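Below you'll find the structure, written out as structure tokens, and then a few comments.
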Amino acid sequence: MLGNFLYYIIALLVYSTYQPSAETGFQPIESLLFFLGLAAFFFIFTWMQFKKIEQRIDQASLRSLDHLFHTVLTRQSILALLIYAIDIYALKISHFLYHIPLFKKIPTLEALIFLTLFIAYLSIVWWCAYNSFTKIYQNGLSRKDYVLSNISFSIPVILPWLFLSVTSDIINILPFETPKRFLISTEGQIIYFMFFLFIISIIGPVLIQKFWGCRPLRFGAIRHRIESLCRKANMPYRDIMVWPLFGGRMITAGVMGLIRQFRYILVTPALMRHLDPSEIDAVIAHEIGHIKKNHLSFYLAFFAGYLVVTFTALDLILYAIIYAEATYGFINSSSSAYATLSSISFSLFMIILFLVYFRYIFGYFMRNFERQADLYAYSMMGDAQPLISTFEKITVTSGQSPDRPNWHHFSIKERIDYLRACENDSSWIDRHNTKIRISIAAYITAIFLVGWAGYKIHYDDISDTIKGSLLKKMIHSQIDNDRSNPDLHQLLGDIYFSENNYEKAILVYKKTLKLDHSHVRTLNNLAWLYATCDNNNFRHPEKALELALHAASLSEEPHVMDTLAEAYYVNGNYSAAIQAEQQAILKAKNDHAYYQQQIEKFRSAERDTIFQLEENKKIYMNEL
35 MLGNFLYYII ALLVYSTYQP SAETGFQPIE SLLFFLGLAA FFFIFTWMQF KKIEQRIDQA
95 SLRSLDHLFH TVLTRQSILA LLIYAIDIYA LKISHFLYHI PLFKKIPTLE ALIFLTLFIA
155 YLSIVWWCAY NSFTKIYQNG LSRKDYVLSN ISFSIPVILP WLFLSVTSDI INILPFETPK
215 RFLISTEGQI IYFMFFLFII SIIGPVLIQK FWGCRPLRFG AIRHRIESLC RKANMPYRDI
275 MVWPLFGGRM ITAGVMGLIR QFRYILVTPA LMRHLDPSEI DAVIAHEIGH IKKNHLSFYL
335 AFFAGYLVVT FTALDLILYA IIYAEATYGF INSSSSAYAT LSSISFSLFM IILFLVYFRY
395 IFGYFMRNFE RQADLYAYSM MGDAQPLIST FEKITVTSGQ SPDRPNWHHF SIKERIDYLR
455 ACENDSSWID RHNTKIRISI AAYITAIFLV GWAGYKIHYD DISDTIKGSL LKKMIHSQID
515 NDRSNPDLHQ LLGDIYFSEN NYEKAILVYK KTLKLDHSHV RTLNNLAWLY ATCDNNNFRH
575 PEKALELALH AASLSEEPHV MDTLAEAYYV NGNYSAAIQA EQQAILKAKN DHAYYQQQIE
635 KFRSAERDTI FQLEENKKIY MNEL
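Number 333 in the working numbering belongs to position 299 of the sequence shown; there are no gaps in the numbering.
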């Protein structure tokens with residue numbers, strides 16, 4: 035079931051990384067027909083796949099049926115993701131909602147519509163799977179309860195995203211600029227995410243237990259037993275709740291909550307019905323182990339670590355996509371498919387990163403934390419048999435193969451075998467605890483290094499170097515397709531200028547002027563280079579003034595007049611420089627302080643020149 039968490043988050047990634055293009059490629063009626071046709075195909079195909087399983091129930095063993103059922107369930111869930119992505123990227127149905135004012139103002143509403151669409155696709159899978167599920171596992175759950183249990187169990191995973199998105203929408207609607215600027219900054223986004231992650235981790239259990247329909251466990255022998263065990267372990271909590279997961283027919287328990295005021299112990303009716311008192315003690319001791327070993331705190335840190343990884347990876351992914359586009363010409367920027375193909379590439383990278391991080395790295399820690407909780411329960415009980423017999427009952431009542439592992443748990447057989455190994459040799463407990471300590475240390479070191487790399491890429495000079503290199507790649511690629519475009523050559527010259535590669539900048543600017551001798555930006559930028567270059571070998575005041583005058587005859591934009599003023603200044607014509615800068619400041623809509631500083635610089639130079647002339651005149655008169 036935890037696999038559904040991954041599907042939901044991937045669906046959010048697919049939607050959130052999509053960049054709508056200007057053209058849809060289909061008329062609204064065509065998109066609707068394709069959408070309905072795909073949905074119908076998915077329903078029929080999924081129904082046929084589970085029908086094939088039903089036909090094999092009388093012929094195959096329970097173990098093979100269990101494997102086949104989960105294989106088809108996984109495959110169809112992935113197909114649901116694929117069709118959902120086709121709806122967004124190929125049919126572009128979001129384009130038809132994009133222009134609705136309410137969705138523009140509150141983007142989360144549109145996202146919720148698409149998330150509901152994905153849940154509908156998964157619901158088709160669960161609806162079609164129901165008959166096979168009940169026949170294989172002999173579960174008396176109704177179809178409605180089976181589908182709703184799958185939905186309700188996974189929905190809480192989107193609660194953090196929902197709170198983040200709704201709050202962000204509210205901030206953007208309010209007429210305050212400071213929080214908006216804070217929210218779009220990298221630092222603001224990190225602080226915002228971490229704050230909500232902490233708040234939701236604290237109060238989230240209150241909302242989740244209500245969402246799952248949990249109710250307090252009535253006072254009686256079982257509650258008294260659980261309370262006694264928690265007191266013995268010195269583990270405070272807020273309440274013990276009955277968890278009606280899958281109609282209460284699943285033998286399981288859980289604990290959630292970082293602090294005692296919001297910590298809940300969850301037990302299912304099936305657990306209380308099928309397990310002996312000692313077995314219930316063993317299961318609760320296992321859950322206590324998660325708290326005592328600080329697993330929940332580590333999970334919180336692990337989510338924060340994902341923020342660090344994505345912070346670093348986002349820039350690298352964008353650089354990689356731009357580099358591939360520029361180097362290999364995968365995407366033509368003039369094509370209407372540019373935005374779609376770029377967002378597909380970005381989505382694939384983000385999904386792969388998410389899967390690797392959570393499915394494999396997080397999964398590794400979850401499996402080993404579950405084993406550590408098993409070992410805590412064994413140590414607390416002094417006997418592994420109650421936990422072993424619990425696992426055996428789970429196998430019998432659920433029909434689950436004891437040999438089938440998943441990404442977040444070792445198989446039941448592996449868990450039983452390890453407990454028996456610990457009974458024979460208790461050093462296996464210390465070995466596993468040491469393994470976890472080393473793994474956590476390695477993870478923290480890796481996250482620190484990734485975070486350091488992200489900081490260097492994002493804030494250090496290396497970021498400008500990478501960006502400059504990629505921009506040059508892109509521009510060279512565009513020049514190869516359009517060699518007579520002066521704007522592209524001018525941009526390339528600007529990059530060389532910003533890198534202080536004056537020789538190449540001058541060559542490119544001159545080539546641009548051969549293509550268009552009246553290209554204002556090139557005239558202006560080359561004039562500025564000749565006037566202000568810190569390398570005297572490339573300073574040419576006379577050429578600077580000639581180019582600046584030409585540019586000013588074509589445009590009186592503030593920055594052009596500022597360059598003309600600077601050219602007059604380096605040629606010693608301070609009064610003309612002041613006049614040109616005054617024209618610039620009259621036309622400027624902003625940066626008035628800069629232009630005023632320029633005027634003061636020119637006036638100061640003029641005063642110094644007049645003073646020097648007066649001094650020279652006095653010296654000359656004295657000599658006479």
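Even for Gly, the Cβ is constructed at its ideal location relative to N, Cα and C. None of the values given here were measured: they were computed from a predicted structure.
* Asked: Ordered along the chain, which non-local residues of its own chain (more than five positions away) have a Cβ less than 7 Å from that of D528?
  -> N559
* **Cross-strand partners of M275 (DSSP beta bridge)** => P250 and L300
* Look up G416 in the DSSP assignment and say whether it is helix, strand or coil. => coil
* **DSSP state of A287 mapped onto helix, strand, coil** => strand
* Asked: Which residues in the same chain as V276 place their Cβ atom closer than 7 Å to its Cβ, once the five residues preceding and following it in sequence are excluded?
  -> C248, R249, L251, V301 and P303
* Can you find at least 3 beta carbon pairs, one from the region 73 to 87 and one from the region 151 to 169, that sit closer than 8 Å? -> yes
* Asked: On the three-state DSSP scale, how would you describe K86?
  -> helix
* In angstroms, rounded to a whole number, what distance separates the CA positions of M290 and Q53? -> 37 Å
* Distance, E600 Cα to L579 Cα -> 9 Å
* Would you call the CB atoms of A639 and Y608 closer than 8 Å? -> yes
* Can the beta-carbon of Q632 be found less than 8 Å from the beta-carbon of D596? -> yes
* Asked: With contact counted as at least three CB pairs below 8 Å, one residue from each stretch, are the region 165 to 178 and the region 97 to 108 in contact?
  -> yes
* To do: Figure out for me which residue from N534, L505 and N515 has the closest Cα to the Cα of L525.
  => L505
* To do: Could you check what DSSP says for I509 in three-state terms: helix, strand or coil?
  => helix
* According to DSSP, is V390 helix, strand or coil? -> helix
* Could you say which of D203, G174, E211 and Y155 lies nearest to I185 if we only look at CA atoms? => Y155
* **Cβ-based neighbour list, I446, same chain, cut-off 6 Å, excluding 5 preceding and 5 following** => F425, T429 and P436
* Consult DSSP for G282 and reduce its assignment to one of helix, strand or coil. => helix
* Looking at S176 and F148, is the spacing between their C-beta atoms short of 8 Å? -> no
* According to the Cβ coordinates, are L193 and L241 closer than 8 Å? -> yes
* Inter-residue CB distance, Y628 and E615 (contact presumed, cutoff 8 Å) -> That belief does not hold up - the Cβ atoms of Y628 and E615 are roughly 10 Å apart, past 8 Å.
* **Neighbour-count burial assignment, R401, 16 or more Cβ in a 10 Å radius** => buried
* To do: Could you check how far apart the C-beta atoms of V191 and I43 are, in whole angstroms? I think they sit under 8 Å.
  => 7 Å
* Cβ separation of L231 and Q223, assumed to be a contact under 8 Å, to the nearest whole Å -> About 12 Å; that fails the 8 Å criterion.
* Asked: Taking C-beta to C-beta, are L96 and R90 nearer than 8 Å?
  -> no
* Are F380 and T142 close, meaning C-beta to C-beta below 8 Å? -> no
* Asked: What are the boundary residues of the alpha helix (DSSP H) that D179 is part of?
  -> R177 to S188
* Under the three-state reduction of DSSP, which class applies to D310: helix, strand or coil? -> coil
* **Residue closest to L115, alpha-carbon to alpha-carbon, out of L66, S65 and L46** => L46
* Flag this pair as touching only if the region 401 to 417 and the region 61 to 75 have three or more C-beta atom pairs under 8 Å; answer yes or no. => no
* Between the Cα of L660 and the Cα atoms of G281, S188, I234 and Q172, which residue gives the shortest distance? -> Since the first and last residues shown for the chain are 35 and 658, residue 660 lies out of range.
* CA-CA distance, H308 and S423? -> 11 Å
* To do: Would you kindly work out how many angstroms separate the C-alpha atoms of N366 and D273, rounded to a whole number?
  => Low confidence applies to N366: its pLDDT is 47, below 50, so where it sits in the model is not reliable, and the reading given next is rough at best. Distance between the alpha carbons of N366 and D273: 60 Å.
* So the alpha helix (DSSP H) W441 belongs to, where does it begin and stop? -> First-last for W441: undefined, no H or E at that position.
* **For T168, the first and last residue of its enclosing alpha helix (DSSP H)** => P141 to Y171
* To do: Output the distance between the C-alpha atoms of F572 and L549, rounded to the nearest integer angstrom.
  => 22 Å
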